[in-house]
Structure formats: structure tokens, C-alpha cells
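Per this note's numbering, the sequence shown starts with residue 979, numbered consecutively. For each residue, glycine too, the CB sits at the ideal point set by N, CA and C. Structure, as C-alpha cells:
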Amino acid sequence: MKRSKSTGAGAYELLLAAIDEGTLPAGTRLREEDLAERFRISRTPIREALRRLETIGLVTHEPHHGAVVATLDHGRTVELYHMREVLEGTAAQLAAIHATPAEVEILHEMVERDRALVEDPPALAASNRRFHRQLHLAARNRYLDVMLENLRLSLALLRGTTLARPMRGLASVEEHAAIVAAIDARDPAGAETAARRHIHNAFKARIQLDGAAGGRDGEGA
């Protein structure tokens, strides 16, 4: 049975999708009346959805502004990538144990398709999300999957994609290839190491991307 968007749960799905897709970017003020008009639902389910989003850290309250889409400062970004490194490493380790031959083949195919996208950062970013989702499913751990999904949603609060950094797209694809090779070899320790290295390198690219953006902002101030 399809859930009505007029319910709190339905409003939550709408707002979550808007944040995840970037149509409600970090820092956006979330006025109940504006959101109700935008999504054509009443303010009550919007209010319920905002409270729920606040519990998972995607919405916060600021003095004189009310509810806003949360932003991640450097400290929170460090924490986010630290946990990503741990959890993505665990997912790769478990995938090396539990992934079926068909799932491993799919991962190989995704890597090969991504080689053609290294000059298209937005397309590669979308494909990157699908790759990690497939990897998480292959790990066969529902609790880990929930934690990784929450982290993925938090990543939507970061501006831009690290895959737009020079040579980062190609490096990321090769890092994915190393993860899949270890999974294919049924090498849990190697898969974990490769996955952790991948997230470590992504974090370095994030620091560089945010630093470059900060520099541009400073020049314009």
C-alpha cells in the first residue's frame, strides 16, 4: 500500500529526498509554511518530519532562524569520515565473505563502466553511490546497512563532490577496483584495507576541496 505524502512519514520522505538530492542544500531555512506550500501538504506532517530529521542530525535549529538544513563544520566532517572508514572497511570485509559470484561480477562491471565516467564528476558521483550501495548489500548485515545509510545521508550536507578534484575520479575508480579484487579473491583483510584506504583518500580530497572553496570565498569577501 502506497504511503500518503500527507502523513508525517510521507512528509519525511519528501524532505529527506530534497536534502539528499541537494534541492534543499545545507544552510537552507526550513519554514513550515513555505514547505507546506512547496509540497502541497499541511503544516502538521511537515512539523513532524522536521522533528524526525532533527533526531538524525540533518536539521538543526538556529537562533532567530528556526529550523535549517544542518551544515557540517570541520570537526563533524572529520568524525563523519572516521566512521565511514571504519564502517566501509567492515562492509568490504564482510562482502569478501558473503558476496555471491553474481554480486562480485556486478561489482566488477560497475567498476568497468565507471572508467568511462572519470571526466564527468556528477555522473561518476551518482554511480559511486550505487557502487557503495551494492557493496553494502553484499555485506549481508542489516545493522551495518542502516548505519552506512545514515552516514550517506550526512554526506549530502557536504557541498560539491570530491570527484571533481583533478585526477580524483580516476583514482577513486582504481580504488574501487582494488576493493573488488580483494572481495573476488575472498580476502577479507585485504578488502577492508582497500576500503579504508579509499575513504582515507576521499577524506583528503574533501579537505582539499573545502580548502579551495574557502579560499575562493575569502577572496570574494
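With a threshold of 16 other CB atoms inside 10 Å of the CB of residue i, please say whether the residue is buried or exposed.
| i | result |
| --- | --- |
| Ile1075 | exposed |
| Asp1051 | exposed |
| His1110 | buried |
| Arg1029 | exposed |
| Ala987 | exposed |
| Arg1062 | buried |
| Gly1067 | buried |
| Thr1078 | exposed |
| Ala1160 | buried |
| Arg1143 | buried |
So, at 8 Å on beta carbons, what are the nonlocal neighbours of residue i in its own chain, with the 5 sequence-adjacent residues on each side left out?
| i | result |
| --- | --- |
| Arg1007 | His1043, Gly1044, Ala1045, Val1046 |
| Thr985 | Pro1023 |
| Leu1115 | Glu1081, Asp1123 |
| Arg1091 | Ser1105 |
Do the CB positions of residue i and residue j come within less than 9 Å of each other?
| i | j | result |
| --- | --- | --- |
| Ala1027 | Leu1002 | no |
| Tyr990 | Leu1031 | yes |
| Gly1147 | Leu1085 | no |
| Val1089 | Arg1174 | no |
| Leu1113 | Ala1069 | yes |
| Ala1073 | Ala1169 | yes |
| Thr1049 | Ala1004 | yes |
Can you list, in chain order, the residues of its chain whose CB lies under 7 Å from that of residue i, leaving out five sequence neighbours each side?
| i | result |
| --- | --- |
| Asn1128 | Ile1034 |
| Gly1193 | Note that Gly1193 scores a pLDDT of 40, beneath 50, so its modelled location is shaky; the value from the coordinates is reported in the next line. No residues qualify anywhere along the chain. |
| Ile1177 | Tyr1059, Arg1062, Glu1063, Glu1066 |
Going along the chain, which residues of its own chain have a beta-carbon closer than 6 Å to the beta-carbon of residue i, five neighbours each way excluded?
| i | result |
| --- | --- |
| Thr1140 | Arg1146, Ala1180, Ala1183, Arg1184, Leu1187 |
Can a CB atom of chain D be found closer than 9 Å to the CB of residue i?
| i | result |
| --- | --- |
| Thr1055 | Protein chain content of the structure displayed is limited to a single chain, and chain D is not contained in it. |
*Does the segment 1149-1162 touch the segment 1010-1024, meaning 3 or more C-beta pairs lie closer than 8 Å?*
no
*asked:* So within the segment 1143-1199, which uninterrupted alpha helix (DSSP H) runs reach at least 4 residues, ignoring any that extend past its ends?
replied: 1146-1162, 1166-1198
*Mind listing, in chain order, the continuous beta strand (DSSP E) runs of no fewer than 3 residues lying wholly within the segment 1031-1075?*
1037-1040, 1044-1047
*Given 8 Å as the limit, is there contact between the segment 1174-1183 and the segment 1110-1123, that is, 3 or more CB pairs closer than that?*
no
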